[in-house]
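Residue numbers (my numbering): 804 to 895.
Beta carbons: idealized from backbone N, C-alpha and C, even for Gly.
All figures in this text were calculated on a predicted structure; none of them were measured in a lab.
Accompanying notes for the structure given below.
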């Protein structure tokens with residue numbers, strides 16, 4: 804069965820999500836940005852969500868995690884929780 808490991812940053816606006824994405828693209832560490840800005844409890848671990856399979860996350864999230872290139876920041880991805888930046892770190 805397919806599985807993936809990913810990390811994410813959750814914020815409440817698309818504008819904030821885009822600004823954080825730019826910071827990461829400009830060289831800031833994803834984990835540090837997650838610790839400073841993510842509203843998800845996973846932010847304390849640098850946004851690390853661990854390993855999960857298809858269907859364990861909301862559909863919008865799953866679609867990106869199981870199709871995106873590895874180690875590339877994706878987003879903003881809008882879900883019922885807010886706006887996410889995602890980085891898939893491993894997929895099998």
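Chain-order list of residues whose beta-carbon lies under 8 angstroms from that of residue i (same chain, five-residue window excluded)
{"i": "residue 841", "result": "811, 812, 813, 814 and 850"}
Candidates the options: closest to residue i by CA position
{"i": "residue 805", "options": "859, 828, 877 and 836", "result": "859"}
Cβ-Cβ distance between residue i and residue j below 8 angstroms
{"i": "residue 878", "j": "residue 820", "result": "yes"}
Contacts around residue i, its chain only, beta-carbon distance under 7 angstroms, and the 5 residues preceding and following it disregarded
{"i": "residue 836", "result": "812, 823, 826 and 827"}
{"i": "residue 895", "result": "805 and 806"}
{"i": "residue 838", "result": "846, 847 and 849"}
Alpha-carbon spacing of residue i relative to residue j, whole angstroms
{"i": "residue 834", "j": "residue 869", "result": "21 angstroms"}
{"i": "residue 866", "j": "residue 846", "result": "21 angstroms"}
{"i": "residue 893", "j": "residue 864", "result": "15 angstroms"}
{"i": "residue 889", "j": "residue 809", "result": "7 angstroms"}
{"i": "residue 871", "j": "residue 831", "result": "21 angstroms"}
{"i": "residue 883", "j": "residue 862", "result": "10 angstroms"}
{"i": "residue 873", "j": "residue 844", "result": "23 angstroms"}
{"i": "residue 852", "j": "residue 891", "result": "10 angstroms"}
Contacts around residue i, its chain only, beta-carbon distance under 6 angstroms, and the 5 residues preceding and following it disregarded
{"i": "residue 817", "result": "879 and 886"}
{"i": "residue 854", "result": "806 and 808"}
Check your understanding: Can you list, in chain order, the stretches of the beta strand (DSSP E) that have 3 or more residues and sit fully within the stretch 860-895?
Key -> 876-882 and 885-894
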